[in-house]
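First comes the structure, then the notes that go with it.
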Amino acid sequence: MRDRPRERLEALGAEALSDVELVALLLRTGGGGLDAVAVAVQLLTASGGLAGTARAAAADLAAVPGVGPAKSATLGAAFELGRRLAERRLDAGIAVRGPADVHAHFHPHLRHAAQECFITVLLDGRHRVIRHALVSRGTLTASLVHPREVFRPALREPAAAVVLVHNHPSGDPTPSREDREITERLVRAGDLLGIPVLDHVVVAERGYASLREELAEWPGV
Numbered sequence: 469m470r471d472r473p474r475e476r477l478e479a480l481g482a483e484a485l486s487d488v489e490l491v492a493l494l495l496r497t498g499g500g501g502l503d504a505v506a507v508a509v510q511l512l513t514a515s516g517g518l519a520g521t522a523r524a525a526a527a528d529l530a531a532v533p534g535v536g537p538a539k540s541a542t543l544g545a546a547f548e549l550g551r552r553l554a555e556r557r558l559d560a561g562i563a564v565r566g567p568a569d570v571h572a573h574f575h576p577h578l579r580h581a582a583q584e585c586f587i588t589v590l591l592d593g594r595h596r597v598i599r600h601a602l603v604s605r606g607t608l609t610a611s612l613v614h615p616r617e618v619f620r621p622a623l624r625e626p627a628a629a630v631v632l633v634h635n636h637p638s639g640d641p642t643p644s645r646e647d648r649e650i651t652e653r654l655v656r657a658g659d660l661l662g663i664p665v666l667d668h669v670v671v672a673e674r675g676y677a678s679l680r681e682e683l684a685e686w687p688g689v
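Numbered according to the working numbering, the sequence shown terminates at residue 689, and the numbering increases by one at each position without gaps.
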């Protein structure tokens, strides 16, 4: 039965299959003398489990014996479909009602990101999404997250307000001292530009944190 995930899927349904069996179904065939299940075991072991496989680079997946570029592309597409199904999409025209909406949209994309990503969500006068803009990728510092870079997309649109978002690869959403300092700096910059920062949401594997709720006093208010 171990080597027949397709038959098990037909008989028991997808929810009854293990991670290995589901990955084997996506791989469809084996390689290098191994069947699809053995390749799936090897892949998940090398990547540190399903979560590690989901965040692995396509080239790293393709390098696993028996996978290759075509199967790596299939896996990448499957994980992206899963992320899209899991999110509450904040597409253009959708109103942001609070930090939970921000988390629901960005969590599937950022929960497994290996680096910190800082994003500005541009909003119109009714707090509806115009678009998202990636400001920086890497460990957050005051030099990377400069007001000039954060508000440049908002000035171009122009946006009436923004929500700031970044992730914690550690999995813990608790804001750091630097998160608080950067937030205070950007809120004050937004006030000077006439583009208020409505919130700064930290997204992580174990939930989210709203700096608007965390800070005892919202700067500029």
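Backbone N, C-alpha and C define an ideal beta-carbon position, used for all residues, glycine too.
- Inter-residue distance for V670 and H636 is about 7 Å (C-alpha atoms, whole angstroms).
- By the C-beta criterion, the stretch 524 to 543 is judged not to be in contact with the stretch 588 to 601, since fewer than 3 inter-stretch pairs fall below 8 Å.
- One alpha carbon belongs to A504, the other to H580, and they sit about 25 Å apart.
- For I587, no alpha helix (DSSP H) segment is defined; the enclosing uninterrupted segment is the beta strand (DSSP E) at C585 to L591.
- DSSP, reduced to helix, strand and coil, places G675 within a strand of the structure shown.
- Among the bridge pairs identified by DSSP, V618 is matched with none.
- Less than 7 Å divides the Cβ of S604 from the Cβ of F586.
- Beyond the five residues adjoining it in sequence on each side, G675 comes within less than 6 Å, by CB distance, of P641 in the same chain, given in chain order.
- Cβ-Cβ distances below 7 Å link P687 to E652, V655 and R656 in the same chain, with the five nearest sequence neighbours on each side left out; the list follows chain order.
- Around the beta-carbon of T497, fewer than 16 other beta-carbon atoms lie within 10 Å, marking it exposed.
- Membership of L602 in the beta strand (DSSP E) is indicated by the continuous run V597 to R605.
- According to DSSP, residue pairing for L502 in a beta bridge involves G499.
- Taking a C-beta distance under 7 Å as the contact criterion, R680 and D667 qualify as a contact pair.
- Taking every protein chain shown into account, the CB of P567 has 16 or more other CB atoms within 10 angstroms, so this residue is buried.
- Under DSSP, V665 forms a beta bridge with V630.
- P626 sits exposed, since fewer than 16 C-beta atoms from the chains shown fall within 10 Å of its C-beta.
- Annotated three-state conformation of H636 is strand, per DSSP.
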